[in-house]
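Protein chains: 2
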Amino acid sequence: MTYCVALYLEDGLVFASDSRTNAGVDYVTTYSKMHTFTPAPDRLFVILSAGNLATTQEVINHISRDLEQPTAGPNLATVNYLFEAAEYLGRISQKVQREHANALAGSGVSGETTLLLGGQIAGQEHGLCMIYPQGNYIAASRETPYLQIGESKYGKPAIDRIVDYKLSLDQGAQLCLVSLDGTARSNITVGPPFEVATYHKNQFRLNCHCRFEEQQPYLLSLRSAWNTGIRQAFLNLPAIPWNGAAEGQQQQQQGVPVPLQTAPPEDPWPPK
Amino acid sequence: MTYCVALYLEDGLVFASDSRTNAGVDYVTTYSKMHTFTPAPDRLFVILSAGNLATTQEVINHISRDLEQPTAGPNLATVNYLFEAAEYLGRISQKVQREHANALAGSGVSGETTLLLGGQIAGQEHGLCMIYPQGNYIAASRETPYLQIGESKYGKPAIDRIVDYKLSLDQGAQLCLVSLDGTARSNITVGPPFEVATYHKNQFRLNCHCRFEEQQPYLLSLRSAWNTGIRQAFLNLPAIPWNGAAEGQQQQQQGVPVPLQTAPPEDPWPPK
Numbered sequence: 001m002t003y004c005v006a007l008y009l010e011d012g013l014v015f016a017s018d019s020r021t022n023a024g025v026d027y028v029t030t031y032s033k034m035h036t037f038t039p040a041p042d043r044l045f046v047i048l049s050a051g052n053l054a055t056t057q058e059v060i061n062h063i064s065r066d067l068e069q070p071t072a073g074p075n076l077a078t079v080n081y082l083f084e085a086a087e088y089l090g091r092i093s094q095k096v097q098r099e100h101a102n103a104l105a106g107s108g109v110s111g112e113t114t115l116l117l118g119g120q121i122a123g124q125e126h127g128l129c130m131i132y133p134q135g136n137y138i139a140a141s142r143e144t145p146y147l148q149i150g151e152s153k154y155g156k157p158a159i160d161r162i163v164d165y166k167l168s169l170d171q172g173a174q175l176c177l178v179s180l181d182g183t184a185r186s187n188i189t190v191g192p193p194f195e196v197a198t199y200h201k202n203q204f205r206l207n208c209h210c211r212f213e214e215q216q217p218y219l220l221s222l223r224s225a226w227n228t229g230i231r232q233a234f235l236n237l238p239a240i241p242w243n244g245a246a247e248g249q250q251q252q253q254q255g256v257p258v259p260l261q262t263a264p265p266e267d268p269w270p271p272k
Numbered sequence: 273m274t275y276c277v278a279l280y281l282e283d284g285l286v287f288a289s290d291s292r293t294n295a296g297v298d299y300v301t302t303y304s305k306m307h308t309f310t311p312a313p314d315r316l317f318v319i320l321s322a323g324n325l326a327t328t329q330e331v332i333n334h335i336s337r338d339l340e341q342p343t344a345g346p347n348l349a350t351v352n353y354l355f356e357a358a359e360y361l362g363r364i365s366q367k368v369q370r371e372h373a374n375a376l377a378g379s380g381v382s383g384e385t386t387l388l389l390g391g392q393i394a395g396q397e398h399g400l401c402m403i404y405p406q407g408n409y410i411a412a413s414r415e416t417p418y419l420q421i422g423e424s425k426y427g428k429p430a431i432d433r434i435v436d437y438k439l440s441l442d443q444g445a446q447l448c449l450v451s452l453d454g455t456a457r458s459n460i461t462v463g464p465p466f467e468v469a470t471y472h473k474n475q476f477r478l479n480c481h482c483r484f485e486e487q488q489p490y491l492l493s494l495r496s497a498w499n500t501g502i503r504q505a506f507l508n509l510p511a512i513p514w515n516g517a518a519e520g521q522q523q524q525q526q527g528v529p530v531p532l533q534t535a536p537p538e539d540p541w542p543p544k
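For the protein sequence lines, the chains are D and G, in the order given. For the record, in the first sequence the residue sitting at position 170 is 170 according to my numbering, with numbers rising by one throughout. To convert, take the position in the second sequence, counting from 1, and add 272; that gives my numbering.
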């Protein structure tokens, strides 16, 4: 399994991915799922992938070959818009999947891959898209400033409560690490090393692209601080006012729980 | 969709469930998924359900009928152990599913239901089981003091960080509400009203069984406190030391992010 998340922020983009792949529990390996392309000084693209590893590698290989041996068709050096890059990736992905579809169907294996593509072409805004296995895509927006692929559910609640288009890139990187680390804790098919990259808009190079091993000191301190913070948040929760709760009253009776009380709050409808 | 969670604690049991069911986004309804049976003064059972609503209702109906019109077979009043109750529920669930299997398969609908069963029979410890759609079951333990059914992933990380066999029943109820409310925030097919019940061991009646509507004042204050706490935990995270992070060093350079740095930490193997 895989978990990748990317943020679309005012200042730029944040990318994060785990590195665990598995074909059954007895074949767990480490592969980078973050691929950076800077085919010209006026553009930068980062691709994150989740799904069939063979499909992903073939897609990345074809993207690279199109740059080394340009054809009449588009490639990452010639596209004029980020969405054209998304469409280009979608076509390659579909082509690769089609080629192996019959053979894979016979084995009951899915050849699908889902991609995140973020980046910028000079003169345009930075952007972030998710490319579905079917080749179509959606873009992140100020209102929905993040996209996830792979095992995304465990890491979503923390993001939902914290994410904002105005977060700084460093805050975004912290949030992605928290989301990745929480996912890895709840699902062993997602795991370190984690890769995190941040891109400040209009720079056309990554600010940083770091790898955090399982026992990397910062990751340990982040994990510990988050754990402490979550437990503190729990200890600060208001006590359940059992009487008031069932009756929907403001009254906060913080006493002994009361006997079974299933009656819903008094509803004025229907009138008596 | 559905999300139910139950805790197996030293002091007793906590049960929590949402109340949203849906057959398509245009048929969203509210049903209680928590069913309490106290067929004799020496026993109490609580059943939570996730899955096909028709299957669940039929299972509950058959359990009730077996109590009202006992047959030669077991029922909740005659079983001698909690695990016998789990086996009994598993058999009913399988029978109901088999009866409709062919018709449902033709419609591409799953008739499966997964159940949580918690309770106690006098003279024995309290216990908690999950009954799979296949009719077999597993029990919670001191090391794994919780079980979830339905849309369980969103609400798992918070539980994983906080749950402990030694939590009080009230703390358990708070934790379940946090987990439910976070799930509802990330997935609209899970939603209030939430039901929460706590059972103190050896009492053979529920301490409380409350219903929390969407805008119930305590639920609002809990949601707000948890949100504030999570954001505070985020603000307290250590800053990312970009240099140190990539190099795996203890050194905490909390300065300007450094240029792209993908080199993994120096590994003494293979020897030079």
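For every residue, glycine included, the Cβ atom is placed at its ideal position computed from N, Cα and C. Small disclaimer: the values here were computed from a predicted structure and weren't measured.
Go ahead and label Arg-211(D) buried or exposed: buried means 16 or more other beta carbons lie within 10 angstroms of its beta carbon, across all protein chains shown. Start at 1 with the first residue of the first sequence, and residue 211(D) comes out as number 211. Arg-211(D) comes out buried.
Enumerate in chain order the residues of its own chain whose CB-to-CB distance from Ser-424(G) is below 7 Å, with the five nearest sequence positions on each side excluded. On the second sequence, residue 424(G) is found 152 positions in, with the first residue counted as 1. So the list reads Tyr-275, once near-sequence residues are dropped.
Check the Cβ-Cβ distances between Lys-438(G) and every residue of chain D, and say whether any is below 8 Å. Translated into positions along the second sequence, residue 438(G) becomes position 166. It does not: the Cβ of Lys-438(G) has no partner Cβ on chain D nearer than 8 Å.
State buried or exposed for Ile-188(D), treating a residue as buried only when at least 16 other CB atoms are found within 10 Å of its CB. To locate residue 188(D), count along the first sequence from 1; it is residue 188. So Ile-188(D) counts as exposed.
Between which two residues does the beta strand (DSSP E) holding Leu-400(G) run? Taking the second sequence and counting its residues from 1, one reaches residue 400(G) at position 128. Taken as a continuous stretch (DSSP letters only), the beta strand (DSSP E) holding Leu-400(G) covers 399 to 403.
Write down every uninterrupted run of the beta strand (DSSP E) in the stretch 130 to 194 of chain D whose length is 3 residues or greater and which is fully enclosed by it, in chain order. 137 to 139, 146 to 150
Close Cβ partners of Arg-315(G) (< 6 Å) along its chain, the five nearest in sequence each way excluded: Indexing the second sequence from 1 puts residue 315(G) at position 43. Closer than 6 Å at Cβ, skipping near neighbours: Ile-393.
Could you check whether Leu-285(G) and Tyr-437(G) sit closer than 8 Å to each other, using their CB atoms as the reference points? Against the second sequence, residue 437(G) aligns to sequence position 165. Against the second sequence, residue 285(G) aligns to sequence position 13. Contact: no.
Need the endpoints of the alpha helix (DSSP H) that Ile-268(G) sits in, please. Since the first residue shown for chain G is 273 and the last is 544, residue 268(G) is missing from the structure and cannot be characterised.
Can you tell me whether Pro-342(G) is buried or exposed? The criterion is at least 16 other CB atoms within 10 Å of its CB, across all chains shown. On the second sequence, position 70 is the one that residue 342(G) refers to. When all chains shown are included, Pro-342(G) counts as exposed.
From this set, Pro-192(D), Leu-237(D), Asn-236(D), which residue's C-alpha is nearest Leu-220(D)'s C-alpha? Against the first sequence, residue 220(D) aligns to sequence position 220. Among Pro-192(D), Leu-237(D), Asn-236(D), the Cα nearest to that of Leu-220(D) belongs to Pro-192(D).
Where Asn-75(D) falls: helix, strand or coil (DSSP): Counting from 1 along the first sequence, the entry for residue 75(D) is found at position 75. In the structure shown, Asn-75(D) sits in coil (DSSP, three-state: anything other than H, G, I, E or B).
Does DSSP put Leu-354(G) in a helix, in a strand, or in coil? Taking the first residue of the second sequence as position 1, residue 354(G) is located at position 82. Looking at Leu-354(G) - three-state DSSP - the assignment turns out to be helix.
Going by C-alpha to C-alpha distance, which of Val-96(D), Leu-169(D), Phe-204(D), Pro-39(D) sits closest to Gly-51(D)? Here residue 51(D) is taken as the residue at index 51 of the first sequence, counted from 1. Gly-51(D) has its Cα closest to that of Val-96(D), out of Val-96(D), Leu-169(D), Phe-204(D), Pro-39(D).
Whose Cβ in chain D lies nearer than 8 Å to the Cβ of Gln-504(G)? Stepping through the second sequence from its first residue, residue 504(G) is reached at position 232. In chain order: Gly-229, Gln-232, Ala-233.
Using Cβ-Cβ distances below 7 Å, what residues of the stretch 312 to 332 of chain G are close to chain D? none
Would you mind telling me which residues of chain D sit closer than 8 Å to Leu-509(G), beta carbon to beta carbon, in chain order? Translated into positions along the second sequence, residue 509(G) becomes position 237. Correct list: Gln-174, Val-178, Leu-222, Ala-225, Trp-226, Gly-229.
Compare the C-beta of Asp-274(D) with all C-beta atoms of chain G and state if any pair is closer than 8 Å. Since the first residue of chain D shown is 1 and the last is 272, residue 274(D) is not available in this structure.
Identify the contact partners of Gly-454(G) in chain C, using a Cβ-Cβ distance below 7 Å as the criterion. In the structure shown, chain C cannot be found, because the protein chains are D and G.
Tell me the DSSP secondary structure of Arg-205(D) in three-state form. Sequence index remark: in the first sequence, residue 205(D) carries index 205 (1-based). If DSSP states are grouped into helix, strand and coil, Arg-205(D) belongs with coil.
Note down, in chain order, every chain D residue with its Cβ under 7 Å from the Cβ of Ile-512(G). Numbered from its first residue, the second sequence carries residue 512(G) at position 240. Those within 7 Å of Ile-512(G) in chain D are Asp-170, Ala-173, Gln-174, Tyr-218.
Give a yes or no on whether the minimum CB-CB distance between Val-286(G) and chain D is below 8 Å. Within the second sequence, the letter at position 14 stands for residue 286(G). For Val-286(G), the nearest beta carbon of chain D is not closer than 8 Å to its own beta carbon.
Quick check on DSSP: helix, strand or coil for Ala-122(D)? Counting from one through the first sequence, the residue named residue 122(D) turns up at place 122. Taken through DSSP and simplified to helix, strand or coil, Ala-122(D) comes out as coil.
For Leu-237(D), does the three-state DSSP call read helix, strand or coil? For the purposes of this step, residue 237(D) is identified with residue 237 of the first sequence, where counting begins at 1. Coil, per DSSP.
Can you list the residues of chain D that Lys-305(G) reaches, using a CB-CB cut of under 8 Å? Residue mapping note: residue 305(G) aligns to position 33 of the second sequence, counting from 1. Ordered by position in chain D, no residue passes the 8 Å Cβ test against Lys-305(G), which lies about 14 Å from the chain.
Ser-186(D) CB to nearest chain G CB: under 8 Å? The residue given as residue 186(D) occupies position 186 in the first sequence. At least one C-beta of chain G is nearer than 8 Å to the C-beta of Ser-186(D).
Between Phe-287(G), Ser-496(G), Leu-348(G), which lies nearest to Arg-161(D) when the distance is taken from Cα to Cα? Looking up residue 161(D) in the first sequence gives position 161. Of Phe-287(G), Ser-496(G), Leu-348(G), the residue nearest in Cα terms is Ser-496(G).
Rounded separation between Pro-529(G) and Ile-512(G) - CA only: Here residue 529(G) is taken as the residue at index 257 of the second sequence, counted from 1. Here residue 512(G) is taken as the residue at index 240 of the second sequence, counted from 1. Confidence at Pro-529(G) is low in this model, with a pLDDT of 38, below 50, so its placement is unreliable and the value that follows should be read with caution. Straight-line Cα distance between these residues: approximately 9 Å.
If you compare alpha carbons, which of His-398(G), Thr-500(G), Glu-371(G), Arg-457(G) is closest to Ala-326(G)? Mapped onto the second sequence, residue 326(G) falls at position 54. Looking at the Cα atoms, Glu-371(G) is the closest of the given residues.
Does the beta carbon of Tyr-199(D) sit closer than 8 Å to a beta carbon anywhere in chain G? Your numbering for residue 199(D) matches position 199 in the first sequence. Closer than 8 Å: no.
Any beta-carbon of chain D closer than 8 Å to the one on Lys-425(G)? The residue given as residue 425(G) occupies position 153 in the second sequence. Chain D contact via Cβ: present.
At which residues does the beta strand (DSSP E) containing Gln-299(G) begin and terminate? For the purposes of this step, residue 299(G) is taken as the residue at position 27 of the second sequence. Checking the displayed sequence, the identity of residue 299(G) turns out to be Tyr instead of Gln. No beta strand (DSSP E) contains Tyr-299(G), which DSSP labels as neither H nor E.
Name the two residues that bound the continuous beta strand (DSSP E) containing Thr-308(G). In the second sequence, counting from the first residue as 1, residue 308(G) sits at position 36. First-last of the beta strand (DSSP E) with Thr-308(G): 306 to 312.
Touching by the beta-carbon criterion (3+ pairs, under 8 Å), the stretch 287 to 302 of chain G and the stretch 335 to 351 of chain G: Touching, no, given that fewer than three Cβ pairs across the two stretches are closer than 8 Å.
Within 8 Å (strictly less), CB to CB, does Cys-401(G) reach chain D? Here residue 401(G) is taken as the residue at index 129 of the second sequence, counted from 1. No, Cys-401(G) does not count as interfacial toward chain D.
Contact belief for Leu-386(G) with Pro-405(G) at Cβ below 8 Å, rounded distance in angstroms: As a working note, residue 386(G) is residue 114 in the second sequence. As a working note, residue 405(G) is residue 133 in the second sequence. Per the sequence shown, residue 386(G) should be read as Thr rather than Leu. Confirmed, about 6 Å.
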